[in-house]
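As structure tokens, this is what we get:
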């Protein structure tokens, strides 16, 4: 019997939009029978910045029990799915800081041959929905990762419309992810798990 | 008195969506007092492919009198604005073929120090709205171009939402550019002309 | 027993540099036991342009018997490896034109779940070695492809130094690919075949 | 008489390679008569990480008197030049964290219409020399910036070979920037200042 696929969902979220996408990713991955770890990355913003934004403060409290991501979560996983709001077309510094701590793993090849995928949220319609994801993929290539995106492999993608990964336009956190965005998040997860499981089995076989 | 700014709008369009954006670009550029050239690039598709698609055939007939772009249109211009539908996140081969004929101009530096900008249309919501433009910008960097995009320099951009250039989602040519897309096209043009005119004056000064 | 892995190597080359990389890719893929198709894309340049460049003319004659790529080569393959010289940070129009003819295959999902990889050559050291490859990957994402690059999965990659795929700096076709570049081409091929074979087996399993 | 052009050079460097490029940028900018601010971004790594690397620790001490970048340095400048080592094809988290603090400036349009340029260093030959710069440019587009790169506007660029900006391959900090890399840094600066000064004059005119 095939071993259970291990999925790490590692995200940053300030006011909770990206977190909702992360939850949809986790739920869909779990529904496939995979073992799932949900991990937030460490906050870099000073407390005063967070306190000045009630939504940010509320979300921080809401997720205080979500464990912080450790490099070992990457080593453990067969499939890694990153999530971040855009910050000017790139992932948030908080997620980048986590990524930048992986040097020792990268040096010994511990990040290679895994499946990687990603999701994002932006304030405006085309303000980083694509660039945030495609620029993040450079990281995966440096790691020797296998990049799996939803493409148009499901009819729902002609509605969600982002072949690079699940995404949502929040209008500055005023609009929560709708069923289309959550569905794209679930598809991104199911597809990454399916390819990751097949690859694991094939490489072991 | 400042010399008139010269603007070349060079585009590819199969069924006319990108052409409508190109017209909005030209009109807005002309309204600034600039001298404007609208140029289509040469078609590469075989006649039978075009005849099999009535919208494509109709658009070809409609624009038969639009002059074809020549490398000299680039030499002439102070500001060059390219338009293309996406083809899988990159510009259409037709536009790329035109770009690839500029070697002699590039070698003698004739493409440098001009202002470049771009617009696009896609079938799905995030299927190349950003990647088509940002990957095209690499061409401009190779040419020594000055890249000017709308950013969020006008309140309308928080609605149109594409800081990289004007764009439209056509749902496979079923939806014509609306006032938001046409407005973004006009803004892209006005901004490129404004910066191009200032730069020309400053460099001459 | 696992079915033989099918590899399509589809390239454009004007003076032969990229062709030499393509041959190294084919040889390495063949050495793994895979079935390999080498295919050139159709030339778009006019005869007079080719005749004005003796190296281009000679290479065209040298490869006159290499079959031209057909969309069906993509359908057939488990692993597709594209090669192109850069043209200003993007693939050559000739390769793009081939890519743009795949609409019917894309529409029916026939390009998804395959492994894709790529290689390139440029005139100058950093004039498209990375951007040509990463922008081409957008095509693969639209297709629902699985993108596999060499990363730093082999010590030779710390010398060749391009995690996005094999590449070579030709100084305008004056320098043929050396053992480092040919080695990177071979690694790119072996890695794509290894992942492609495992994935095929796992998905069938 | 034209007002003096103000140039902010904002960088991150761990072991000093990128700092040497930053110094060359400052010197060349200063030689044009511009007013120059050199600013490092705040370190995010824990003290123990820095202490474990003698080159990192030495560089930190060496630059302890370089002022830390503040958002106001962006407001002040006509020309902003960012420098960062690559971290997997993207800028270092330290620089990204600084960038991510500019929300208030961005919201009120204070970052638009300035000239932006960049430089980078990488451990391996094609491990981010291009992607680090082109992905950073997305930030500038979101800001409404004018992106100016060296292109091939000087014969030296056919040797340095990076049209996207100055860059250096350090082989993990073992190789200091040579005259080619330092020359490209100087060219990047001179070109950004030239365009920035002309634009400032033209817009004021």
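Chains as they are written, first to last, in full-length UniProt numbering: chain A, 1 to 205; chain B, 1 to 205; chain C, 1 to 205; chain D, 1 to 205. For each residue, glycine too, the CB sits at the ideal point set by N, CA and C. Since the structure is predicted, the reported quantities are computational estimates derived from the model, not experimental observations.
Contact with chain C by residue i, beta-carbon distance below 8 Å
| i | result |
| --- | --- |
| residue 112 of chain A | yes |
| residue 158 of chain D | yes |
| residue 25 of chain D | no |
| residue 134 of chain D | yes |
| residue 198 of chain A | yes |
| residue 205 of chain A | yes |
| residue 83 of chain D | no |
CB contact check: residue i to chain D, cutoff 8 Å
| i | result |
| --- | --- |
| residue 87 of chain A | yes |
| residue 93 of chain A | yes |
| residue 90 of chain C | no |
| residue 179 of chain C | no |
| residue 220 of chain A | This structure cannot settle anything about residue 220 of chain A, because the visible part of chain A is limited to 1 through 205. |
| residue 19 of chain B | no |
| residue 128 of chain B | no |
CB contact below 8 Å: residue i versus chain B
| i | result |
| --- | --- |
| residue 131 of chain A | yes |
| residue 125 of chain A | yes |
| residue 80 of chain C | no |
| residue 36 of chain D | no |
| residue 167 of chain A | yes |
| residue 153 of chain A | no |
| residue 183 of chain A | no |
| residue 75 of chain A | no |
| residue 138 of chain D | yes |
| residue 164 of chain C | no |
| residue 105 of chain D | no |
Selection from the options that minimises the alpha carbon distance to residue i
| i | options | result |
| --- | --- | --- |
| residue 86 of chain B | B:39, B:167, B:156, B:98 | B:167 |
| residue 20 of chain D | D:96, D:120, D:43, D:101 | D:120 |
| residue 44 of chain A | D:50, D:34, D:95 | D:95 |
| residue 7 of chain B | B:91, B:124, B:26 | B:26 |
| residue 108 of chain D | D:81, D:143, D:83, D:118 | D:143 |
| residue 71 of chain B | B:123, B:39, B:48 | B:39 |
| residue 128 of chain D | D:116, D:77, D:165 | D:165 |
| residue 55 of chain A | A:17, A:203, A:81, A:89 | A:17 |
| residue 116 of chain C | C:24, C:194, C:202 | C:194 |
| residue 73 of chain B | B:126, B:172, B:37 | B:37 |
| residue 89 of chain C | C:69, C:113, C:124 | C:124 |
| residue 145 of chain A | A:81, A:170, A:169, A:131 | A:81 |
| residue 160 of chain A | B:131, B:126, B:161 | B:126 |
| residue 139 of chain D | B:114, B:163, B:139 | B:163 |
Any chain A beta carbon closer than 8 Å to residue i
| i | result |
| --- | --- |
| residue 99 of chain D | yes |
| residue 121 of chain D | no |
| residue 187 of chain D | no |
Beta-ladder partner(s) of residue i, from DSSP
| i | result |
| --- | --- |
| residue 40 of chain A | A:11, A:68 |
| residue 6 of chain C | C:35 |
| residue 271 of chain B | Nothing can be reported for residue 271 of chain B: it is not among the residues displayed for chain B, which extend from 1 to 205. |
| residue 81 of chain A | A:9, A:117 |
| residue 122 of chain A | A:169 |
| residue 86 of chain A | A:91 |
Proximal residues to residue i (C-beta, below 6 Å), its chain only, five neighbours per side dropped
| i | result |
| --- | --- |
| residue 157 of chain B | 150 |
| residue 187 of chain B | 150, 154 |
| residue 35 of chain A | 4, 6 |
| residue 22 of chain D | 9, 11, 83 |
| residue 175 of chain A | none |
| residue 206 of chain D | This structure cannot settle anything about residue 206 of chain D, because the visible part of chain D is limited to 1 through 205. |
| residue 130 of chain B | 164 |
Neighbourhood of residue i by C-beta, 7 Å cutoff - its chain only, sequence neighbours within 5 removed
| i | result |
| --- | --- |
| residue 75 of chain A | 105, 110 |
| residue 191 of chain D | 148, 150, 153 |
| residue 173 of chain C | 15, 17, 55 |
| residue 67 of chain B | 39 |
Cβ shell of residue i (< 8 Å), same chain only, five flanking positions each side left out
| i | result |
| --- | --- |
| residue 93 of chain D | 44, 87 |
| residue 97 of chain C | 41, 42, 44 |
| residue 141 of chain B | 147 |
| residue 51 of chain B | 57 |
| task | Kindly confirm or deny that the stretch 169-183 of chain B and the stretch 196-203 of chain B touch, where touching means at least three C-beta pairs closer than 8 Å. | result | no
| message | Contact between the stretch 53-69 of chain A and the stretch 2-14 of chain A is defined here as three or more beta-carbon pairs at a separation below 8 Å; is this criterion met? | response | yes
| task | Flag this pair as touching only if the stretch 97-105 of chain D and the stretch 27-35 of chain D have three or more C-beta atom pairs under 8 Å; answer yes or no. | result | no
| message | Count Cβ pairs between the stretch 121-136 of chain C and the stretch 183-192 of chain C that sit closer than 8 Å; are there 3 or more? | response | Cβ pair count under 8 Å is below three, so no.
| task | With 7 Å as the C-beta to C-beta threshold (strictly closer), list the residues of the stretch 3-14 of chain C near chain E in chain order. | result | Chain labels in this structure do not include chain E; the protein chains are A, B, C and D.
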